[in-house]
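I have placed the structure first, in the form of structure tokens, so that the comments after it can refer back to it.
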Amino acid sequence: MDDLPEGTRLAVQCIRCGGWLVSAESVTARLGPVCARHSRADARRAATEIPLFDLPQEAY
Ligand SMILES: [Zn+2]
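The opening position of the sequence shown corresponds to residue 96 in the numbering used here, with each subsequent residue numbered one higher.
Below is the structure:
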């Protein structure tokens, strides 16, 4: 978890489990890595043609 520049202490709560997120990727998605995976699985199960969180890493 040393990938954030010093002085950047953004933190949001996971919309799924309420846990604190501090990594840039998780903050952007408002989801922790584990919850993001679960959400993707849920989305695929519900609507396989609409991957809600299937954003490419470069988009960040
Ligand atoms: Zn979570």
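Cβ atoms here follow ideal geometry from the backbone N, Cα and C, with glycine treated the same way.
heavy atom of ligand 1 below 6 angstroms from residue i C-beta
i: residue 111; result: yes
Cβ-based neighbour list, residue i, same chain, cut-off 6 angstroms, excluding 5 preceding and 5 following
i: residue 122; result: 105, 107, 116
Straight-line gap, residue i to residue j (C-alpha atoms, nearest Å)
i: residue 114; j: residue 132; result: 15 angstroms
i: residue 58; j: residue 119; result: The chain is shown from 96 up to 155; residue 58 falls before or after that span and cannot be answered.
i: residue 109; j: residue 141; result: 21 angstroms
7 angstroms Cβ shell around residue i - same chain, five flanking residues per side excluded
i: residue 130; result: 109, 111, 112
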